[in-house]
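Presented below is the structure to which this report refers.
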Amino acid sequence: MSEVKYSKEHEWIKLEGEIATIGITKHATEMLGDIVFAELPEKGSNVEKDGTAGVVESTKAASDVYTPVSGEVVDLNQSIVDDPSKINQDPENSAWFFKLKIKNKSEMDTLMNKDEYDIFAKESSA
Amino acid sequence: MDIKKTSLYQLHQDSKAKFVEFAGYQMPIQYSEGIVEEHRYTRNHSGIFDVSHMGQLFIYGQEDLVDDLERIFPLDLKNLKLNHSKYSFLMSDNAGIYDDLIITKIKDGFLIILNAACKENDYKILKELLNDKYKMVLDEERSLIAIQGPKSVEILKSVIQGVENLNFMSGNWFTLDDHNIYVTRSGYTGEDGFEVSLTNEFADRFTRRLIDKGAKLIGLGARDTLRLEAGLCLYGHELSKDKTPVEANLKWAISKERILKGNFIGSDIITKQLNHGVNKIRVGIKPEGRIIAREKTKIYNESNSEIGEITSGTFGPSVNGPVAMGYVENKFSKKDTKIFLEVRGKKHPATICGLPFYKKSYVKGVN
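Order-wise, the sequence lines are chains A and B. Positions in the first sequence are counted from 1; adding 171 to them yields our numbering. Positions in the second sequence are counted from 1; adding 631 to them yields our numbering.
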């Protein structure tokens with residue numbers, strides 16, 4: 172069973188074994204508008220929970236992408252760097268950002284589930 | 632101060648606009664389809680822009696007024712034909728730009744289109760410079776609607792017959808449903824198009840008619856990407872009190888005749904800069920790859936010395952890549968000069984390039 176959780180910075184994280192796939196939520200893409208640039212962390216680098224792990228830019232502005240958990244970057248989705256508009260099209264599925272080999276599974280417990288995130292997203296955009 | 636709304640506010644709301652405050656007005660930054668789609672629709676079809684926040688200043692007078700305005704603007708106004716427009720600037724004594732504007736000769740005087748953020752100040756400055764001699768109306772009763780893109784002529788002429796006979800940078804009065812409408816063939820997107828001045832009360836109905844004919848509302852977001860691709864300056868970014876028209880690489884807008892004679896505000900500095908050059912000058916900048924260099928990004932030369940700063944930068948949907956403008960030291964302003972842009976602590980390669988990024992298609996030879 173894989174488990175999907177959400178952060179207050181509008182990332183989603185799907186954990187399968189010790190590999191976490193991370194991307195930004197549909198709500199985040201709607202707030203950003205058309206995404207025209209994406210930058211990912213380096214493969215093999217270590218990222219810390221709540222630290223920056225990439226950038227997305229819309230025509231209007233740049234926004235940092237944060238990692239909701241700590242770990243080693245083991246895979247990157249080059250297709251979103253080559254065509255950032257994919258992030259608007261399918262943010263919570265094929266347009267994932269990076270995969271981490273996580274360090275501490277308990278970090279997942281601090282994150283929101285789908286229902287909690289939906290309420291949070293609605294309130295934060297009000 | 633209360634935030635102001637244009638007469639199209641209800642229409643923007645009905646069209647699901649996202650709003651931002653701009654120059655004291657509640658303005659649409661984008662609609663539901665988003666900036667990139669709005670940008671493309673303007674380039675390929677026809678976009679409607681609510682620019683009613685801009686100032687429409689009518690100054691009434693005859694020969695005296697022409698003389699007095701020539702002491703202010705670097706233009707050959709004596710030879711400006713009725714209903715013809717020129718791009719110009721309101722400058723300080725040091726030739727710093729208070730505003731960039733479009734001035735049109737109308738029957739009883741001149742119509743000057745001013746930037747929203749500058750219009751009140753421009754009015755004050757002009758009133759003082761003209762010693763209160765002429766009737767001046769900064770008309771809040773009129774809206775200004777731009778329609779831009781290749782299909783705009785067909786769409787607008789189906790609503791107002793005769794606009795197809797206007798050439799770029801000229802205008803005329805038209806009547807529609809008993810409303811007096813002043814239409815000029817102009818705009819700020821690099822596309823063929825028109826700007827339509829009409830009463831506030833008629834603006835909503837008129838705009839809905841354009842929408843029925845296939846034009847779509849476009850927000851300020853796409854207006855910015857369109858003007859940047861067209862290499863056009865935006866006040867507060869490329870232009871300010873600290874920049875002169877020569878530094879802004881806009882000397883084409885200064886009448887050659889007037890430079891010889893001088894005697895306009897800022898003419899000493901302009902003449903000096905034209906003869907001896909400037910330290911920094913506005914250029915087009917093409918970053919390599921996809922990196923976007925925003926306003927205030929620092930520019931370096933190949934030996935790592937800082938040589939300037941970006942004033943506008945974004946992703947250009949029609950160019951399908953990043954585009955920027957900025958000021959660099961004159962000796963690095965030549966086309967194809969290699970430069971570096973510091974984005975998030977890293978230096979990225981870029982090249983000085985000619986403007987525009989996207990080729991204009993203005994209509995010049997209708998009649």
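For every residue, glycine included, the Cβ atom is placed at its ideal position computed from N, Cα and C. Fair warning: this is a prediction, and the values are worked out from it, not measured in the lab.
Considering only the alpha carbon of each residue, which of the options lies closest to residue i?
i	options	result
Ala-834/B	Leu-706/B, Asp-823/B, Leu-807/B, Arg-816/B	Leu-807/B
Pro-953/B	Lys-965/B, Thr-856/B, Gly-850/B	Thr-856/B
Leu-186/A	Val-207/A, Leu-282/A, Lys-293/A	Leu-282/A
Phe-680/B	Gly-944/B, Arg-839/B, Asp-731/B	Arg-839/B
Thr-196/A	Lys-276/A, Val-175/A, Glu-210/A	Val-175/A
Ile-290/A	Val-245/A, Val-227/A, His-198/A	His-198/A
His-715/B	Arg-816/B, Lys-911/B, Ser-828/B	Arg-816/B
Asn-961/B	Leu-905/B, Lys-911/B, Met-800/B, Leu-787/B	Lys-911/B
Ala-846/B	Ile-778/B, Ala-884/B, Glu-795/B	Ile-778/B
Leu-581/B	Gly-893/B, Leu-905/B, Lys-892/B	Residue 581/B lies beyond the range of chain B shown here (632 to 998); nothing can be said about it.
Val-950/B	Met-722/B, Gly-655/B, Gly-862/B, Ile-901/B	Gly-862/B
Val-226/A	Asp-261/A, Thr-200/A, Val-240/A	Thr-200/A
Arg-773/B	Gln-792/B, Ile-744/B, Phe-720/B, Lys-712/B	Ile-744/B
Glu-668/B	Leu-972/B, Lys-990/B, Pro-948/B, Phe-988/B	Pro-948/B
Thr-830/B	Glu-933/B, Ser-677/B, Phe-805/B, Glu-937/B	Phe-805/B
Tyr-718/B	Leu-986/B, Ile-916/B, Ser-801/B, His-810/B	Ser-801/B
Gly-821/B	Glu-652/B, Thr-637/B, Lys-636/B, Phe-988/B	Phe-988/B
His-868/B	His-810/B, Gly-824/B, Lys-844/B, Lys-927/B	Lys-927/B
Lys-179/A	Asp-205/A, Thr-238/A, Asn-259/A, Ile-273/A	Thr-238/A
Gly-242/A	Ile-258/A, Ser-216/A, Asn-284/A, Ser-250/A	Ser-216/A
Gly-916/B	Glu-759/B, Ser-677/B, Ser-943/B, Ile-791/B	In the sequence on display, residue 916/B carries Ile and not Gly. The shortest C-alpha separation from Ile-916/B is found at Ser-943/B.
Ile-941/B	Gly-893/B, Gly-793/B, Arg-913/B, Leu-760/B	Arg-913/B
Lys-712/B	Ala-654/B, Ile-703/B, Ile-734/B	Ile-734/B
Glu-652/B	Phe-971/B, Gly-976/B, His-684/B	His-684/B
Asp-731/B	Glu-759/B, Glu-664/B, Ala-879/B	Ala-879/B
Less than 8 Å between C-beta atoms, sequence neighbours within five positions excluded: which residues of the same chain meet that for residue i?
i	result
Glu-919/B	His-979, Pro-980, Ala-981, Thr-982
Arg-889/B	Glu-701, Pro-705, Leu-706, Asp-707, Phe-895, Ser-898
Lys-965/B	Ile-983
Thr-945/B	Asp-855, Thr-856, Leu-859, Ile-923, Arg-925, Pro-953, Val-954, Ala-955
Asn-998/B	Any reading at Asn-998/B must be qualified, since the residue scores a pLDDT of 48, below 50, and its modelled position is unreliable; the value itself is stated next. Only Asn-796, Asn-798 meet the Cβ criterion.
Tyr-729/B	Phe-720, Leu-721, Met-722, Ser-723, Cys-749, Asn-752, Asp-753, Ile-756, Lys-872
Phe-650/B	His-643, Gln-657, Met-658, Pro-659, Ile-660
Asp-253/A	none
Quick one: using the 10 Å Cβ neighbour count with 16 as the cut-off for buried, is residue i buried or exposed?
i	result
Arg-836/B	exposed
Ala-266/A	buried
Ile-634/B	exposed
Leu-642/B	buried
Ala-232/A	exposed
Gln-661/B	buried
Lys-874/B	buried
Asn-725/B	exposed
Trp-183/A	buried
Lys-709/B	exposed
His-907/B	exposed
Gln-687/B	buried
Gly-985/B	exposed
Asn-248/A	buried
Glu-278/A	buried
Gly-893/B	exposed
Identify, in the order they occur along the chain, each residue of the same chain with its Cβ nearer than 6 Å to the Cβ of residue i, setting aside the five sequence neighbours on each side.
i	result
Tyr-288/A	Tyr-177
Asp-246/A	Lys-270
Ala-292/A	His-198
Ile-690/B	Gly-740, Phe-741, Tyr-765, Met-767
Thr-968/B	Ile-983
Could you tell me how far apart the beta carbons of residue i and residue j are, in whole angstroms, since I believe they sit closer than 8 Å?
i	j	result
Asn-746/B	Tyr-866/B	5 Å
Ile-922/B	Val-974/B	6 Å
Leu-848/B	Ser-646/B	5 Å
Val-697/B	Ile-776/B	Not a contact, Cβ separation roughly 29 Å.
Ser-234/A	Asp-205/A	The Cβ separation is near 13 Å, so there is no contact.
Lys-220/A	Val-236/A	With 8 Å as the limit, Lys-220/A and Val-236/A do not qualify as a contact, their Cβ atoms being about 13 Å apart.
Lys-844/B	Ser-934/B	About 56 Å separates the two Cβ atoms, so there is no contact after all.
Leu-760/B	Ile-703/B	6 Å
For residue i, which residues from the same chain have a beta carbon less than 7 Å from its beta carbon, with the 5 sequence-adjacent residues on both sides left out?
i	result
Val-877/B	Ile-901, Gln-904, Leu-905, Val-909
Pro-212/A	Val-218, Ala-224, Gly-225, Val-244, Phe-269
Gly-824/B	Ala-777, Ile-778, Gln-779, Gly-780, Ser-783, Gly-818
Ile-885/B	Pro-705, Pro-876, Ile-901
Leu-203/A	Val-227, Ser-229, Ser-234
Ala-654/B	His-684, Ala-747, Ala-748
Asn-811/B	Trp-804
Let me check you understand the geometry: is the CB of residue i closer than 8 Å to at least one non-hydrogen atom of the ligand ADP?
i	result
Tyr-718/B	Looking for the ligand ADP in the displayed structure turns up nothing, as the structure carries no ligands at all.
Could you give the uninterrupted runs of the beta strand (DSSP E) lying entirely in the segment 700-781 of chain B, keeping only those of 3 residues or more?
716-722, 728-737, 740-745, 766-769, 773-779
Which full runs of the alpha helix (DSSP H) of 4+ residues lie inside the segment 180-260 of chain A, going along the chain?
197-203, 249-253, 256-260
As an exercise, report each continuous beta strand (DSSP E) stretch of at least 3 residues that is fully enclosed by the segment 923-958 of chain B, in chain order.
929-931, 937-947
Contiguous beta strand (DSSP E) assignments of at least 3 residues, all confined to the segment 795-823 of chain B
802-807, 810-815
Suppose only complete runs of 4+ residues qualify. What are the alpha helix (DSSP H) ranges in the segment 834-891 of chain B, listed by chain order?
851-860
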